[in-house]
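*Asks:* Below is one structure. I have some questions about it.
Numbering (full-length UniProt numbering), first residue to last: 1 to 161.
Right under this line is the structure:
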């Protein structure tokens, strides 16, 4: 509903059932699909699984098995969609670091950051493009091509980290 919510504000609204996790996820997926043809940022997606995860969170919240306080303490990012650069690794998603040699590589496990996000209840949606080996000044490689700046296609998106 409000595109400028922080992750913690969004998690609170989901936890308090002011927003449905499924509806939030649908909005994120819809936006990702809408902008991808213009900016070429996502290298892999898990839209169906992310929607299933969101529906399960809504069911969990409806069950009232845990108090809102316990949920906030144990899973502070419950239901928050996230994406990360594909070089980090999200289990089951592409992880080639922009190298043609590794174009078919899939992460066997979550990297440290995605693992912590998931533990906090966040839901991975996509992984995004990186410069080859994360070493260049803009996100371009021979596997996925050039990622464009969403605010100004004549400017670079920047590189990695």
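Glycine included, C-beta positions come from ideal geometry on N, C-alpha and C.
This one's a predicted model, so the numbers in the text were calculated from it and none came from an experiment.
(1) Report the three-state DSSP secondary structure of residue 116 (helix, strand or coil).
(2) May I ask you to report which of helix, strand or coil DSSP gives residue 70?
(3) Please report the distance separating the alpha-carbon of residue 100 from that of residue 22.
(4) Do you know offhand how far residue 39's Cα is from residue 46's?
(5) Count the other CB atoms within 10 Å of the CB of residue 95; is the residue buried (16 or more) or exposed (fewer)?
(6) What are the partner residues of residue 128, as DSSP defines its beta bridges?
(7) I need the straight-line Cα distance from residue 71 to residue 30, nearest angstrom please.
(8) Here's the rule: buried if 16 or more other CB atoms are within 10 angstroms of the residue's CB, otherwise exposed. What is residue 79?
(9) Under the three-state reduction of DSSP, which class applies to residue 77: helix, strand or coil?
(10) Can you tell me which of 104, 140 and 97 puts its alpha carbon nearest to the alpha carbon of residue 133?
(11) Is residue 123 near residue 82, with beta carbons less than 8 Å apart?
(12) At the level of alpha carbons, what is the spacing between residue 76 and residue 153?
(13) Using CA atoms only, rank isn't needed, just tell me which of 49, 74 and 126 is closest to residue 90.
*Replies:* Walking through what the data contain:
(1) Three-state result, residue 116: helix.
(2) In the structure shown, residue 70 sits in a helix (DSSP, three-state: H, G or I).
(3) 36 Å
(4) 19 Å
(5) buried
(6) 42 and 85
(7) 27 Å
(8) buried
(9) coil
(10) 97
(11) In this structure, residue 82 lies closer than 8 Å to residue 123 by Cβ.
(12) Rounded to the nearest angstrom, the two C-alpha atoms are 35 Å apart.
(13) 126
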